[in-house]
Amino acid sequence: MTLGTVVIGGGTGFIGRAICKKLKNIGYEVLTVSRQPDLYSMSWNDLSHDGLPSSCVAVINVAGQNVLDPKRRWTPGFQQNVYASRIHTTRLLAEQIQKMKAPPRVFGVISGVGYYRTSQTETYTEDSPGGNHDYFSKLAADWEAASTLPPDLKVRRFIVRSGRHFSSN
């Protein structure tokens, strides 16, 4: 018996794999949403047509094109891919949550510290202004806005504004 199903958008990526492993270790069933589905995942098209499973107790979206991809040039087309891979996936998950008879208890999104202006002296909190001074701040603000749900759903939403992630492997 599991604690319920957690759906992870982008669960096959660097951050998503770590989240999936931790959730499985504590007793959750994990279903990832990916561009390349397998036995334990569904595609974004499947999600669009079939919706979220009724056993879903939480949804977390970490999907997004790698902005530090050394093989990609920082072109307007690449910037659009980065934007769409975050905003469209988050919006789709939010729409599917709203269609559920019994929505999950939690909806989480990981956006970025680029929301804030760069400063070597300023201390920021989640209430600090930001989100409208450059590409990354607008991306973070729009990403977070895409996760907004109607208050009557009573789904707790959390947002993590994260920085760069590295691994030894």
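Be aware that the sequence shown starts at 1, since it is given in our numbering, and climbs by one per residue.
Glycine included, each C-beta is placed from N, C-alpha and C at the ideal position.
Asked	Found
Residue 102 - DSSP class collapsed to helix/strand/coil	coil
Nearest-angstrom Cβ-Cβ length linking residue 8 and residue 32, presumed shorter than 8 Å	5 Å
Cβ contact (3+ pairs, closer than 8 Å) linking the stretch 95 to 115 and the stretch 146 to 162	yes
CB-CB length for residue 53 against residue 98, believed under 8 Å	Incorrect: roughly 15 Å between the Cβ atoms, too far for contact.
Residue burial classification, residue 102 (beta-carbon count within 10 angstroms, cutoff 16)	exposed
Which of helix, strand or coil DSSP assigns to residue 4	coil
Pair within 8 Å by beta-carbon distance, residue 147 and residue 90	yes
Coil, strand or helix - residue 18 by DSSP	helix
According to DSSP, residues forming a beta bridge with residue 43	34
Cβ pair residue 137, residue 114 closer than 8 Å	yes
Among 22, 69, 118, nearest to residue 82 - alpha-carbon criterion	69
Cβ contact check for the stretch 27 to 41 and the stretch 2 to 19: 3 or more pairs under 8 Å	yes
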